[in-house]
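Peer 1: Quick one: the structure is below, questions incoming.
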Amino acid sequence: MLNSIIELESISKSFGGIQALYDISFQVKPGCIHAIIGPNGAGKTTLFNVVTGMYAPDEGEVRFEGRAIQGMAIHDIVRLGIARTFQNVELFGSMSVLENVLVGRHSRMRSGFWGAIGRWRRVTDEESDAVEQARELLRFTGLEELADQKSSDLPFGWQRFLEIARALASEPKLLLLDEPASGLNAVETNQLGELLLKIRDRGVTLLLVEHDMSLTMGVSDRILVLHQGRRLAEGTPREIQSNDTVIGAYLGRE
Amino acid sequence: MKILWLAGAVAGAGLLISNPYHLQLLTFIGIYTLLTLGLNMLMGYAGQISLGHAAFYGLGAYSTGILTVHFGWSPWMTLPVSVLLTAGVAYAVALPILKLKGYYLGMGTLGFGIIVFILFREWSRFTGGDSGLVGIPPLALGPWDLSSRTSFYFLVWGTVLVGLEVCRRVVNSRVGRALRAIHDSEHAASAMGIDTSRVKVHVFVLSAVFAAIAGYLYAHMVQFISPSSFDFMTSVRMVTMVVIGGMASIWGALLGASVITLLPQWLHVFMDYEMVVYGLILMLIMIFLPQGLVRGVVDLYERSRAR
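Protein sequence lines correspond, in order, to chains V and P.
Just so we're on the same page, the numbering used here is the position in the first sequence counted from 1, plus 217.
No gaps in the numbering here: position 57 of the second sequence is 37 in the numbering used here, and each next residue is one more.
What follows is the structure, encoded as structure tokens:
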């Protein structure tokens, strides 16, 4: 039995002369919320992009459910069960809220051009199932009233929630959230925390990069701390809060 | 629903209009609508520009022209050949060219269009070169002669109606959503599991097939084709029709094709200043209705109602 859903082994990555990640290894256990924190430039986003397949690591291996995935096309990685959101929210602005979630379901649908033109029974069934599932996700994230609004018309906070609903539509086993609380006010950040716990309870493992410490400490089961591309510490929120090296890195002490 | 209204209007116009010149004009609008519909799927929905689409229009026309004139094929046999040939060429071109983005894609498709144009002009043994290819047979369906203006009008507009419905269905499907997603953010689209290069290649082929069918109909309508009908200016005119009608609007294709075809007719009264006025109108539309005529008019209507 696998005791990790995703496993990174000795990952290194550099851009030009800058070494963004040095020999990073860590594992995420299924069914938990795992956070990656660290000061700016620590390599959090790079690590994140290695997991989603945006960057291929220079060295090391990424294994999802025991299977090496580095170098695979991004859309194939999604199909395996890894979904993500973006730091700057990248919705499909010209499309409605519901349509955004339906695009999220793309990898779990099959009909192509001929199906679209022919509209056979299988295609229409698939479409109505997808709409039903998308509406369920909008209810889950509290956006059901807004289904027919244009997504770019939503206030920023709701756009973040919509992005999460869209990512969930691909039925991921692992959901990666890139700074989900950035740009949210305190009330919205609280709602986000509750939503993350609800998502974990659906059986989805979460990996998040986050700056907001109260959120991270409040919801995470485990935390990985990066500093200047190196692994600084890993542990439960309580362990991390009392870790001297971590405090040193954050306060600028060496 | 709207499509039934259009079908009614088409049938009514076909039965009522007896002036052959007007009928021919309407038939041309139909052919241009087909071209615009296809290009709109590529440009308006998927957000990929093509400045060489006249090449596919020409391939559709020349393949049926050459096969019927030089090899004596029946026009109905050439239809599948001309569509498949054009689709094959489009596929082969799309694989490398759609790796380009923005201006570079524009330049790449422009170059392709010019190469094909030169081929039409220089391969004179089959294409007739600059003097054109003469003697393309009219269409006939068994005993039913389709060479009369009225019957050809119905053939073209029947095809347009089918084309409109095909586009409407594609747009409102999983594939159509993927196209629009690529337009909005290719980055996010691939993170949603969309194989963006594959979808782009498919829509490129689809738009080329529309152009091939338009070219096929055009060749059998005028029964004479020459390279100048498929030059760079034709590609530009196609892009203009998409933009004027409204990107990402199926009905915009119909409107754009109508405006660009009819405008020069109405502008004859300006005599020597015709081209100036034509250019001016296009500029005004782009400045005041940048979303195209369909979106622009709908927006104006909604704004006036909100007041």
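Ideal placement from N, C-alpha and C gives every residue a C-beta, glycine not left out.
In this text, all values refer to a predicted model and were calculated from it rather than measured experimentally.
Kindly indicate the opening and closing residues of the beta strand (DSSP E) around K180 (chain P).
Peer 2: No beta strand (DSSP E) holds K180 (chain P); the alpha helix (DSSP H) holding it covers 176 to 202.
Peer 1: Give a yes or no on whether 7 Å exceeds the smallest Cβ distance from L319 (chain V) to chain P.
Peer 2: Closer than 7 Å: yes.
Peer 1: Looking only at its own chain, which residues have a Cβ that is under 7 Å from the Cβ of V69 (chain P), when we skip the five neighbours before and after it?
Peer 2: L39, listed in sequence order.
Peer 1: Please confirm if the stretch 382 to 398 of chain V is in contact with the stretch 420 to 439 of chain V, defined as three or more CB-CB distances below 8 Å between the two stretches.
Peer 2: The answer is yes - the stretch 420 to 439 of chain V touches the stretch 382 to 398 of chain V, with three or more Cβ pairs under 8 Å.
Peer 1: Would you tell me roughly how many angstroms separate the C-alpha atoms of A26 (chain P) and T44 (chain P), rounded to the nearest one?
Peer 2: Those two C-alpha atoms are separated by around 29 Å.
Peer 1: So the candidates are V:A285, V:L385, V:L297, V:A403; which of them puts its Cα closest to the Cα of G374 (chain V)?
Peer 2: Among V:A285, V:L385, V:L297, V:A403, the Cα nearest to that of G374 (chain V) belongs to V:A403.
Peer 1: Run through chain P and tell me which residues come within less than 7 Å of R301 (chain V), C-beta to C-beta.
Peer 2: Here the neighbours are A171.
Peer 1: For the putative contact between Q376 (chain V) and L308 (chain V), defined by C-beta atoms under 8 Å, what is the C-beta separation to the nearest angstrom?
Peer 2: With a Cβ gap of about 6 Å, Q376 (chain V) and L308 (chain V) count as contacting.
Peer 1: Can you list, in chain order, the residues of its chain with a C-beta nearer than 8 Å to that of H248 (chain P)? Leave out the 5 residues immediately preceding and following it.
Peer 2: If we look at H248 (chain P) and ignore the five residues flanking it on each side, its Cβ neighbours are E254.
Peer 1: Is M57 (chain P) near V183 (chain P), with beta carbons less than 7 Å apart?
Peer 2: Against a cut-off of 7 Å, the Cβ pair of V183 (chain P) and M57 (chain P) comes out as no contact.
Peer 1: Between the stretch 153 to 181 of chain P and chain V, which residues of the former have CB atoms less than 8 Å from a CB of the latter, in chain order?
Peer 2: Of all residues in the stretch 153 to 181 of chain P, S153, R154, V155, G156, R157, A158, R160, A161, H163, D164, S165, H167, A168, A169, S170, A171, M172, G173, I174, D175, T176 have a Cβ within less than 8 Å of some Cβ in chain V.
Peer 1: If you count every other CB in all the chains shown that lies within 10 Å of the CB of K230 (chain V), and 16 or more means buried, which is it?
Peer 2: K230 (chain V) should be labelled buried.
Peer 1: So G173 (chain P) packs on S324 (chain V), CB below 8 Å; how close in whole Å?
Peer 2: Rounded, the Cβ-Cβ distance is 3 Å, consistent with contact.
Peer 1: From the DSSP output, which residues share a beta bridge with K367 (chain V)?
Peer 2: For K367 (chain V), which the question treats as bridged, DSSP gives the partners V:S313.
Peer 1: Could you check the C-alpha separation between E226 (chain V) and G283 (chain V) for me, to the nearest Å?
Peer 2: About 12 Å.
Peer 1: Mind the definition here: the stretch 248 to 255 of chain V touches the stretch 267 to 275 of chain V only if three or more C-beta pairs lie below 8 Å; say whether that holds.
Peer 2: In short, these stretches do not touch, since the Cβ pair count stays below three.
Peer 1: Measure from the alpha carbon of N317 (chain V) to the alpha carbon of each residue in V:A347, V:G332, V:T341, V:R338, then state which is nearest.
Peer 2: Measuring from the Cα of N317 (chain V), the nearest candidate turns out to be V:A347.
Peer 1: Using a Cβ-Cβ distance cut-off of 7 Å, determine whether I254 (chain V) contacts chain P.
Peer 2: By this cut-off, I254 (chain V) is not an interface position.
Peer 1: Tell me where the beta strand (DSSP E) around F243 (chain V) begins and ends.
Peer 2: Note, F243 (chain V): beta strand (DSSP E), 235 to 245.
Peer 1: Report yes if the C-beta distance between F170 (chain P) and H292 (chain V) is below 7 Å; otherwise report no.
Peer 2: First, the amino acid is wrong: residue 170 (chain P) is Ser here, not Phe. Yes, they are a contact pair.
Peer 1: Comparing the C-beta of E471 (chain V) with each C-beta of chain P, is any distance below 7 Å?
Peer 2: With a pLDDT of only 49 at E471 (chain V), under 50, the local geometry of the prediction cannot be trusted, and no value is derived from it.
Peer 1: Which one of P:R149, P:R154, P:I94, P:V146 has the shortest CA to CA distance from R327 (chain V)?
Peer 2: Among P:R149, P:R154, P:I94, P:V146, the Cα nearest to that of R327 (chain V) is on P:R154.
Peer 1: Along chain P, which residues have their Cβ under 8 Å away from the Cβ of T341 (chain V)?
Peer 2: Per Cβ cutoff of 8 Å: no residues; T341 (chain V) is ~10 Å from chain P at best.
Peer 1: Between V:S459, V:G277, V:E380, which lies nearest to V306 (chain V) when the distance is taken from Cα to Cα?
Peer 2: Comparing Cα-Cα distances from V306 (chain V) to each of V:S459, V:G277, V:E380, the minimum goes to V:E380.
Peer 1: Quick one, which residues of the stretch 283 to 298 of chain V are near chain P if we go by CB-CB under 7 Å, in chain order?
Peer 2: Hits within the stretch, in order: I291, H292, V295, R296.
Peer 1: Counting only Cβ pairs nearer than 7 Å, list the residues of chain P close to E307 (chain V).
Peer 2: Ordered by position in chain P, the residues that pass the 7 Å Cβ test against E307 (chain V) are S165, H167, A168.
Peer 1: If we define contact as Cβ-Cβ less than 7 Å, is V222 (chain P) a contact residue for chain V?
Peer 2: No, because no Cβ of chain V sits closer than 7 Å to the Cβ of V222 (chain P).
Peer 1: Of the residues that make up the stretch 409 to 435 of chain V, which ones have a beta carbon closer than 9 Å to any beta carbon in chain P?
Peer 2: So nothing in the stretch comes that close.
Peer 1: Go ahead and pull the three-state DSSP assignment for G277 (chain V).
Peer 2: Strand, per DSSP.
Peer 1: Determine the chain P residues that contact E316 (chain V) at a beta-carbon separation under 7 Å, and present them in chain order.
Peer 2: Near E316 (chain V) (Cβ distances below 7 Å), the residues of chain P are R157.
Peer 1: Where are the alpha helix (DSSP H) runs, 4 residues long or more, that stay fully inside the stretch 35 to 117 of chain P, in chain order?
Peer 2: If we require 4 residues or more, the alpha helix (DSSP H) runs fully inside the stretch 35 to 117 of chain P come out as 55 to 77, 82 to 102, 104 to 107.
Peer 1: Return helix, strand or coil for D293 (chain V), following the three-state DSSP convention.
Peer 2: D293 (chain V) falls in the helix class under three-state DSSP.
Peer 1: Please list the partners that R149 (chain P) has in chain V, where partner means a Cβ-to-Cβ separation under 7 Å.
Peer 2: The contacting residues are A333, I334, R336.
Peer 1: Using a Cβ cut-off of 7 Å, which residues of the stretch 129 to 147 of chain P contact any Cβ in chain V, in chain order?
Peer 2: Within the stretch 129 to 147 of chain P, the qualifying residues are V146.
Peer 1: In chain order, what residues of the same chain lie with their CB nearer than 6 Å to the CB of F432 (chain V), ignoring the 5 residues before and after it?
Peer 2: Per the sequence shown, the amino acid found at residue 432 (chain V) is Leu instead of Phe. Hits under 6 Å: A398, T406, G410.
Peer 1: Quick one, which of P:S62, P:L141, P:H167, P:G109 has its alpha-carbon nearest V(-10) (chain P)'s?
Peer 2: Selected option, being the one with the closest Cα: P:L141.
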